[in-house]
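Going line by line, the protein sequences match chains A and B. The numbering of the first sequence is this note's numbering, which starts it at -4 and goes up by one. The numbering of the second sequence is this note's numbering, which starts it at 699 and goes up by one. Written out below as structure tokens is the structure these notes cover.
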Amino acid sequence: MQKIIVCIKRVVDYNVRVRVKPDGSGVMLDGVKMSVNPFDEIALEEALRIKERGTNIEVVAVSIGVADTQQQLRTALAMGADRAILVQTDAAVEPLTAAQTFLAVAKKENPDLIFLGKQAIDDDANQTGQMLAAIWERPQATYASKVEISGGKASVTREVDAGLETIEVDLPAVVTVDLRLNEPRYVKLPDIMKAKKKPLEVTSLDALGVSAGVLLKTVKTEPPAQRQKGVMVKDVAELVEVLKKKGLI
Amino acid sequence: MHKVLIVGEHDGKTLNAATAKCVTCASGIPDRDITIVLLGADTAAVAAQAAAVAGVNTVLRVDRPENEHPLAAIFAPQLAALAAGYSHVFGPSTSFGKDLMPRLAALLGVPQVSDLMAVEGPYRFKRPTYAGNAIVTVEADPARTLIATVRVASFEAAKAGGNAAVESKALNLTLPSHTRYVGAKTGATDRPDLQTAKRVVSGGRALGSAENFKLLFSFADKIGAAVGASRAAVDAGYAANEMQVGQTGKIISPEIYIAIGISGAIQHLTGIKDARTIVAINKDGEAPIFEVADVGLVGDLFQIVPEFERLLGG
């Protein structure tokens, strides 16, 4: 194990209540706090723990996005990544384009492992890791809640609908992480200072030979349907009565 | 004519109810022909069930020993070989489909619509983003095969009564050996399955302990309900993760959802929005769960739940 890539996405902070623009053209993003996608933080934390257990393992944080995405990569560097790469673009990047971009980076960097969050909390697509593994022609272990590395293999416990499933994959491989894998560390002020000196390379889709296609066109954005206001009951007897009237119990 | 291929989910014995929901979704596409494909070691029993789903034209069986466990790296190349000639390939938005379908899409070099919740036209769909706070309408290029995962909570299961033709398909493909199934640990239970149950009783952090969750199990058994939990209750160790309901857990659409001691964080509400009736029991009358509840009761759950159970017994 020599190198781990962690893919990071800049997203609207999870505490922000996202609102749809009145004209239906998208969601309001002006002045909204942006953060590292929470699942990607867990991915980075796992890579850092593997690095700390081993020797001479390099952790590289990679992101695709606008120039300000450097902020999120600096956060990744402050957490402990050794260096960062920003593929800078103002274009909307679909999951397949993101996968192609990370593949181009992987071909240059030759990592043993690529970690990603299982999904980004903005588009909730849950695709990029699986797509990257497909076109890299390598194994995928999605929704990881436990990762054990030994002898060129990873044993990964996955969160599936029925409970937990364990698979074994040969490295290099793509692992996407679920919530319970770990709890990411807090960044301390001295680490933020140190992170400013760590290398952050800026490249472009062009330089990597990737073109950002629009395969799915978003034609409208609207708020979800609201549920109708319900009734409050005063005690259990009334509750049972209401439910019986509705034929539910 | 739109040819829709649905990737059936099963455990070797039973067809998962999510598959019949995908059929309902696909039936929303005008002028279509629906095929269910089943990959497994022996899919004879499951194929018979799939053939009986109304609206299905054909069931394809792809049996080989490597298909015993649903590994995306093994299934995706086989599906990519089968996908030629189909305009749409759908899978359920379960952990099985979410793992598999993007790998298939990338092998074909086509996009995926995740969590498809409404069909507006053969290439126009609605899906949720931002944890369900923004619903987007997307349009895909008819010249490409369209891959989608179907948000199962948005569709009723197609009824029985079909009589589809069952065919076996042999694929001459060498499959990768870099991914191997080791084992599974499932929370085996006699209770209804959380994702398909008509009744669900769910507990939150206010339960206070794993021991106190027994109160819910007892109540749930009385009314034949599945038991769920909020993320807070799972994080606190009161309930198993596979019981988690919400954006990061299961998205469900039961006829009745009874939320007990759950405050109603946005991420939890995302998972229950499609429930027909939501009942909330919470000691805090200001809890956000009451904003979405159809019936609300403010009070101490430790008094209310046993009384609820007693009144139903009488």
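All C-beta atoms in this analysis are idealised placements derived from N, C-alpha and C, irrespective of residue type, glycine included.
- A/Gln135 is bridged by DSSP to A/Val169.
- Rounded to whole angstroms, the separation of the alpha carbons of A/Val61 and A/Ser199 is 11 Å.
- What A/Ile130 touches in chain B, judged by beta-carbon distance under 7 Å, is Ala804, going in chain order.
- Residue-level contact check: B/Thr946 touches chain A, since one or more beta carbons of chain A fall below 7 Å from its beta carbon.
- Remark: C-beta atoms of A/Leu234 and B/Leu995 approach each other more closely than 7 Å.
- Cβ-Cβ separation between A/Val164 and A/Ala136: approximately 5 Å, consistent with a contact (criterion under 8 Å).
- Listed along chain B are Ala882 and Lys883, each with a C-beta nearer than 7 Å to that of A/Leu159.
- Within the region 820 to 908 of chain B, the complete beta strand (DSSP E) segments at least 3 residues long are 822 to 827, 832 to 838, 844 to 848, 863 to 866, 877 to 884 and 897 to 901, listed from N- to C-terminus.
- In the DSSP assignment, B/Gly795 falls within the alpha helix (DSSP H) that extends over Ser793 to Leu806.
- When DSSP reads this structure, B/Val817 sits in a beta bridge with B/Phe823.
- Cβ-Cβ separation between B/Ile727 and B/Val817: approximately 6 Å, consistent with a contact (criterion under 8 Å).
- Assignment of beta-bridge partners to B/Asn765 by DSSP yields no partner.
- Annotation for B/Gly1011: the continuous alpha helix (DSSP H) segment containing it runs Leu999 to Gly1011.
- The Cβ of A/Ala120 sits closer than 7 Å to at least one Cβ of chain B.
- Bounds of any beta strand (DSSP E) do not take in B/His966; it lies within the alpha helix (DSSP H) bounded by Ile964 to Ile970.
- The three-state reading of DSSP puts B/Val925 in strand, counting E and B together.
- With its beta carbon less than 7 Å from one in chain B, A/Glu217 belongs to the interface.
- According to the DSSP assignment, A/Asp186 belongs to the alpha helix (DSSP H) that extends over Leu184 to Ala190.
- For the alpha helix (DSSP H) assignment, the uninterrupted runs of no fewer than 4 residues enclosed by the region 41 to 89 of chain A are, from N- to C-terminal side, 65 to 74.
- Annotation: B/Thr946 is outside any beta strand (DSSP E) and is labelled neither H nor E by DSSP.
- Between the alpha carbons of A/Ser140 and A/Arg44 lies a distance of about 14 Å.
- Looking at B/Pro768, B/Lys948 and B/Glu984, the one whose alpha-carbon comes closest to that of B/Thr968 is B/Lys948.
- A straight-line Cα-Cα distance of about 32 Å links B/Val808 and A/Val27.
- In this structure, DSSP gives A/Leu24 a state outside helix and strand, which the three-state scheme calls coil.
- Burial is judged here by how many other beta carbons sit within 10 angstroms of a residue's own beta carbon; B/Val880 has fewer than 16 and is exposed.
- The Cβ atoms of B/Ala927 and B/Gln942 lie closer than 7 Å to each other.
- Between B/His966 and chain A, the shortest Cβ-Cβ separation is not below 7 Å.
- Contact annotation: A/Ala42 and A/Phe97 have beta-carbon atoms that are not nearer than 7 Å.
- For B/Phe853, the closest of B/Gln1001, B/Gly959, B/Pro790 and B/Gly983 by C-alpha to C-alpha distance is B/Pro790.
- A direct Cα-Cα distance of roughly 9 Å separates B/Pro890 from B/Val898.
- Contact of B/Tyr828 with chain A is assigned, a C-beta pair being separated by under 7 Å.
- Per DSSP, the unbroken beta strand (DSSP E) holding A/Ala149 starts and ends at Lys148 to Val155.
- For B/Pro809, the nearest CB of chain A lies under 7 Å from its own CB, placing it at the interface with that chain.
- Counting C-beta atoms within 10 angstroms of its own C-beta, B/Tyr936 has 16 or more neighbours from the protein chains shown and is therefore classed as buried.
- Around the beta-carbon of A/Val226, fewer than 16 other beta-carbon atoms lie within 10 Å, marking it exposed.
- Within chain B, the residues whose beta carbon sits less than 7 Å from that of A/Asp165 are His876, listed in sequence order.
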